[in-house]
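Note that the working numbering gives residue 38 to position 12 of the sequence shown, counting from 1, and the numbers run on in steps of one.
Backbone N, C-alpha and C fix where the C-beta goes; we use that ideal spot for every residue, glycine too.
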Amino acid sequence: MTETILILGGTKEAATLAAELVRDHPDWRVVTSLAGRTREPKPVAGEVRIGGFGGAEGLADYMRAQQVTRLIDATHPFATAISQNAKRAAQQAGVRLETRMRPPWRREPDDNWIEVASLEEARDAIPAGACALLALGRQHIAPFTDRADVHFIVRMVDPPETPLAVPDHDLVIGLPGAAAGEEAALLTKHRVTHIVCRNSGGSGAYAKIEAARALGLPVIMVNRQET
C-alpha cells in the first residue's frame, strides 16, 4: 500500500526515521517538516518543508490537501505546542498519529544535578559570580537577561541576527561536541562552573553531561513537564 508520511522533525531521530522509511519503502512519499530555526539544516531524506502550519487547523488542512495517511511526531521533547497541535490535527483530519519521543536522561551516581521545573527556576538556581553555560538555544535565553551577576557562555548553532540581551556573556557558535573530551575542553577553556540545560534526552547532546560528570560540575537540569 502506498502511503504519504508526514514527519514533524527537527531532531536527529526524525532524520534517521526519514532515511529508514525512504530506504525501506521507495514507493512511499515521505515528507519531513522543519520549523526553520536553523539557517542551514542538515540534509534529510525524502521531501522537506520548512515553516509552521498555522496551528492545528492549518496542519489538518495541509494533511487533507496532501492526502497524508500517517503523521509521526518526532519533534524535540520540549516542543509541546506542536505536539499538542499534532494531536488535534490528527483527530480533525482523521489521520493516524504516532509519537516517537526519546526517553529523558537518567541521573548517574556521579552526576551533580540540580533539578528544576522551568527556565525561571533554572535562572534562580545559578549562584552569584558563577560562569554558566547556557545550552538551551537562542529562543530560551530571555529569562536569564536579568542576571548581571553571572557570566554566561551562550552556545548557539547560528550567529544571532541581533545582539543578545544577556548582559555579560561570551558567544560560542556551533553544534555541541560529539565526545565528552571535546565538551570538557570547552568547559575548561571558559572556566565554566555550572551548566544549564533541558533534559532533552538522546545521544546528540549527552557529551556535555558526561563532561560535567568527569569534571564534577553541577548541571542545572530543567525537567520535562507532563502535558
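Within the model, the alpha-carbon separation for K234 versus G203 is close to 8 Å. DSSP places L32 inside the beta strand (DSSP E), whose first and last residues are T30 to L34. The C-alpha of M89 is placed about 14 Å away from the C-alpha of V74. At the C-beta level, E83 and G228 stay beyond 8 Å of one another. Taking the Cα positions, V222 is about 44 Å away from D53. Contact check between the segment 182-195 and the segment 206-216: fewer than three CB pairs, one atom from each, fall below 8 Å, which does not count as touching. Contact between V180 and I167 holds, with the beta-carbon distance rounding to 6 Å and staying under 8 Å. By the neighbour-count criterion, in which 16 or more other beta carbons inside 10 Å mark a residue as buried, E209 falls on the buried side.
For T58, the enclosing beta strand (DSSP E) begins and ends at R55 to L60. Distance from the Cα of P129 is smallest, within the candidate group R239, H102, A44 and G35, for H102. Ranked by Cα distance from I33, the options R149, I98, A148 and Q165 are led by I98. Between the alpha carbons of M247 and T37 lies a distance of about 20 Å. In the same chain as R164, and ignoring 5 residues on each side of it, the C-beta atoms closer than 7 Å to its own belong to M182 and P186, in chain order. Burial is judged here by how many other beta carbons sit within 10 angstroms of a residue's own beta carbon; S144 has fewer than 16 and is exposed.
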